[in-house]
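A.B. asks: After the structure tokens below, expect a handful of questions from me.
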Amino acid sequence: MTDNRQGRHAFDASVAASELEQTPLVGIGRQELRNGKLLLWLGVVILPVGIALHFARWDAGAWDDFVRFLTTAVFVGAGVSLGQGIRLYREGRATLRDEARRQAENKAL
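According to numbering that gives the first Met the number 0, the sequence shown is numbered sequentially starting from 0.
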């Protein structure tokens with residue numbers, strides 16, 4: 000039995016977006032995709048910095064607490080960035096897919 004998710008994942012939002020008429024929802028979908036990708040890359044770039052800070056051997060006395068705080072902040076920031084990026088990317092894809100479906104139905108009528 001074919002999983003219905005395969006068809007959804009096969010949908011290429013960039014190709015469909017280029018074929019869509021320019022409507023407010025298409026603009027919103029493209030912006031969500033762009034922002035989602037940006038947040039994903041930001042999280043991917045920040046995460047190694049947090050890992051490096053976590054494993055760094057700091058023997059700086061008072062700075063040790065600051066580095067521990069900074070490491071925690073970097074990990075939290077990377078996690079939030081990755082989570083929001085995934086959410087925005089999925090919402091953007093869904094918006095473009097729904098708008099493409101709506102426009103196809105309107106053309107069929």
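The C-beta atom is built at its ideal place from N, Cα and C for all residues, glycine as well.
Tell me, please, whether the region 80-96 touches the region 38-55 by the rule of three or more beta-carbon pairs shorter than 8 angstroms.
C.D. replies: Short answer: they touch.
A.B. asks: Give the single residue among GLU104, LEU46, ILE27 whose Cα lies nearest to the Cα of ALA115.
C.D. replies: Nothing about residue 115 can be reported from this structure: the residues present for the chain run from 0 to 108 only.
A.B. asks: Thinking C-beta only, is LEU32 closer than 9 angstroms to ARG96?
C.D. replies: Not a contact, by the Cβ cut-off of 9 angstroms.
A.B. asks: Near ARG89, what residues of its chain come up, given a Cβ to Cβ distance below 8 angstroms and the 5 sequence neighbours on each side ignored?
C.D. replies: For ARG89, where only same-chain residues beyond five positions count, the Cβ hits under 8 angstroms are GLY35.
A.B. asks: Check for me: the alpha helix (DSSP H) holding LEU37 runs from which residue to which?
C.D. replies: 23-54 is the extent of the alpha helix (DSSP H) around LEU37.
A.B. asks: When you compare each of ALA77, GLY76, HIS53 to ARG67 by their alpha carbons, which one comes out closest?
C.D. replies: It is HIS53 whose Cα lies nearest to the Cα of ARG67.
A.B. asks: With H, G and I counted as helix, E and B as strand and the rest as coil, what does DSSP make of VAL108?
C.D. replies: At residue 108 the sequence reads Leu, which differs from the Val that was named. LEU108: coil per DSSP, three-state reduction.
A.B. asks: Which whole-angstrom value describes the C-beta separation of GLY28 and GLU104, a residue pair presumed to lie in contact below a C-beta threshold of 8 angstroms?
C.D. replies: Their Cβ separation, rounded to whole angstroms, is 17 angstroms, which puts GLY28 and GLU104 out of contact at 8 angstroms.
A.B. asks: Please report the straight-line C-alpha distance between THR94 and GLN102, rounded to a whole angstrom.
C.D. replies: Rounded to whole angstroms, THR94 to GLN102 spans 12 angstroms at the Cα level.
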